[in-house]
Amino acid sequence: MKADVVLGLQWGDEGKGKIVDVLTPKYDVITRFQGGPNAGHTLEFNTIKHVLHSIPSGIFHKDQINIIGNGVVIDPVIFKKETEAIYRLGVDLQQKLRISRKAHLILPSHRILDAASEAAKGVTKIGSTLKGIGPTYMDKTGRNGLRVGDILQHDFKAKYDHLKQKHIDLLRIYDFVYNIEENEEQWFAGIEEIRRYELIDSEYEINHLLSEGKKVLAEGAQGTMLDIDFGSYPFVTSSSTICAGACTGLGIAPTRIGEVLGVFKAYCTRVGSGPFPTELEDETGKVLREKGHEYGATTGRPRRCGWLDLVALKYSILINGVTQLIMTKADVLSDFDIIRICTGYQLQGHFTEHLPYDLQEAVPQYVEMKGWKQDVSEVTTKSGIPEALNRYIDFIEKETGIPVTIVSLGPDRKQIIFR
Ligand code: GDP
Ligand code: IMO
Ligand code: MG
C-alpha cells in the first residue's frame with residue numbers, strides 16, 4: 001500500500017483537521033508528519049468542538065492507530081494538557097497513540113528563545129505562535145536537540161541541563177527578562193506523561209504497516225505558503241510543510257506516497273506577519289473574518305482574510321504534486337453578490353502567473369464571479385450544490401487541472417460532500 005497525504009495549500013488553517021477526521025474511517029493509521037503545537041486543528045462532531053495541537057486528527061475514531069511522527073516537535077506541557085482533555089472525552093488514548101522516538105522535544109527555554117527573538121525583531125517579527133517552534137527546529141538541524149527517545153536514557157537530565165545552559169548563554173544576546181524554572185516542573189510532568197505511551201521506531205512501524213496492506217493517512221500541519229523552503233520566507237514556519245515533508249517526517253520513500261490531498265479554503269486567510277497579496281483590509285475582509293470565525297485556533301489572534309489566490313494555489317499544487325483538491329468554507333461566501341478570484345499579479349508593470357521571489361510587490365489581478373446567495377450549510381449531496389457554486393468549483397478545476405473531490409460546507413463532520 002501507499003500512504004495518502006492531507007496537507008494545507010495556503011497559509012494554514014485550511015480545515016485539515018476536519019478533513020482528516022472525516023477521512024479517518026477509510027484508513028487504519030493516521031500519522032502527523034511535522035510541526036508541533038503551533039498547529040491548531042479543529043474537529044466538530046456530536047456538538048463537541050475540539051482543537052488538537054500535536055495529536056493526529058484521527059484520534060476520535062474507534063479503530064485507528066494514531067502516530068506522532070519523527071518530523072513533529074512536542075512540547076510535553078502542551079501534550080499533557082492535550083491528553084487530559086482527550087481522556088475526559090472518554091478516549092482510551094494509551095491504546096491508540098504511539099510516538100516516534102525521533103520526534104524532538106520543545107524545552108521551556110526554546111519557548112523563551114522564540115519570545116526573545118520575536119521581541120528583538122520588533123516590527124519585522126514573524127508573528128510566530130511563540131510555542132518555541134523555530135528554536136527547536138534550529139537545535140534539530142544544528143544537531144543539539146533532545147529527542148523523545150532520550151527520555152529513556154539514564155543521562156536524560158544531564159542532557160536537558162546541558163541544552164538549557166546553552167540556551168541561557170544564547171539568551172545573553174537579548175535584552176529579555178525570563179524565568180525558565182517556572183515551567184520546569186510542569187515540563188518534567190509532561191515527560192512522565194509521554195513515557196506512558198508506546199515510544200516507537202515509527203519509520204519501521206509505518207513501512208511495516210504499509211507492507212501489511214494497512215491504509216495510512218499522513219496529516220500535515222501549517223500550509224505550503226508557510227513552508228521553510230517554498231513559503232513566503234522569512235515569514236514562514238521552520239519545517240517542511242509540503243508533501244516531501246511527509247517522507248522525511250515519517251521515514252517513507254517518495255515511491256510510497258499515494259494520493260496527495262490538498263486542502264484549501266474557498267478564500268484565503270493568514271495569521272501572523274508577511275505578504276498576503278489578496279488581503280482585504282476593508283469591510284469585505286471583516287465580513288469574511290466574522291462569518292468564517294477566522295480567529296486562530298492556537299493563539300486566538302484574528303486571521304487576516306482575502307480572496308482566493310490561484311497563483312499561490314497553483315504553485316502549491318506544483319510543489320506538492322496534488323492529485324485531489326479539497327475545498328472548505330465556501331459556505332462563508334454565501335452572502336456575496338460578487339466573488340473575486342486572483343488569477344495573476346501585476347509585477348513591475350508586467351502581468352505574471354508566477355509566484356515572485358518578493359511576494360510583497362505583487363498586485364493581484366482578479367476575475368469576478370457571481371455569488372450563489374444562498375445558505376449552503378445544509379447541502380449534503382452533489383446535486384444540492386447551487387449552480388453558481390458549481391461554476392466557482394469548475395473554474396478552479398479548469399485553472400488548476402486538478403479535480404475538487406471533496407467540498408466542506410460547515411465545520412461539522414457531517415457537513416461534507418464527496419463529488
Ligand atoms: P486546520 O488548522 O487546517 O485544521 O484548520 P483550523 O481548525 O485552524 O481552522 C479551520 C476552522 O474552520 C475551524 O474552526 C473549523 O471548525 C472550521 N471549518 C472547517 N471546515 C469548514 C467549512 O467547510 N465551513 C466552515 N464554516 N467552517 C469550517
Ligand atoms: P495549522 O496546522 C496558521 C504561522 C504563525 C507565524 C508563522 C511562524 O493550524 O494550519 P511558528 O510558531 O511556526 O514559528 O510561526 O507561521 N503559523 C500558522 N498559521 N496555521 C498554523 O497551523 C500555523 N502554524 C504556524 O502565525 O506567522
Ligand atoms: Mg489551524
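With the numbering used here applied, the sequence shown covers 1 to 419.
Using N, Cα and C, we set each Cβ at its ideal position, and we do this for glycine too.
Taking a cut-off of 8 angstroms for Cβ pairs, the segment 133-140 and the segment 191-199 do not touch, as fewer than three such pairs fall below it. Per DSSP, the unbroken beta strand (DSSP E) holding Ala218 starts and ends at 216-219.
Looking at the backbone, the Cα of Arg304 and that of Asp358 are separated by about 19 angstroms. Within the segment 276-353, complete beta strand (DSSP E) segments of at least 3 residues are found at 304-306, 324-328, 338-347, 350-352, given in chain order. Of all alpha-carbon atoms in Gln94, Gly145, Leu97, Ala116, the one lying nearest the alpha-carbon of Leu105 is that of Gly145.
Counting only beta-carbon distances shorter than 5 angstroms to the non-hydrogen atoms of the ligand MG, the qualifying residues in chain order are Asp13, Gly40, Ala297. With a beta-carbon spacing of about 5 angstroms, Ala103 and Val148 fall inside the 8 angstroms limit used to define contacts. A distance criterion of 7 angstroms places the beta-carbon of Ile173 beyond contact range of the ligand IMO, judged by its closest non-hydrogen atom. Proximity to Lys314 across Asp4, Ile338, Ala3, Leu9 peaks at Leu9, based on C-alpha coordinates. Distances from the CB of Asp331 to the heavy atoms of the ligand GDP include at least one below 7 angstroms. Under the three-state reduction of DSSP, Phe176 is assigned to coil, being neither helix nor strand. Around the beta carbon of Gln348, fewer than 16 other beta carbons sit within 10 angstroms, so the residue counts as exposed. At a Cβ-Cβ threshold of 8 angstroms, Gly285 and Gly306 count as neighbours. The way I'd put it, the segment 322-333 doesn't touch the segment 151-170; fewer than three beta-carbon pairs between them come closer than 8 angstroms. Distances from the CB of Leu226 to the heavy atoms of the ligand IMO include at least one below 7 angstroms.
In the DSSP secondary-structure assignment, Gln365 is bridged to Gly344.
If the five residues before and after Glu193 are omitted, its C-beta is found closer than 8 angstroms to the C-beta atoms of Pro76, Phe79, Lys80, Thr83, all from its own chain and listed in chain order. An exposed status is given to Glu281, since fewer than 16 other beta-carbon atoms sit within 10 Å of its beta-carbon. Boundaries of the alpha helix (DSSP H) harbouring Ser211: 202-211, taken from the DSSP string. Between Ile339 and the set Cys243, Gly384, Arg391, His110, the nearest pair of CA atoms involves Arg391. For Asn390, there is no enclosing beta strand (DSSP E); the enclosing alpha helix (DSSP H) covers residues 387-400.
Annotation: the continuous beta strand (DSSP E) that includes Arg270 extends over 268-270.
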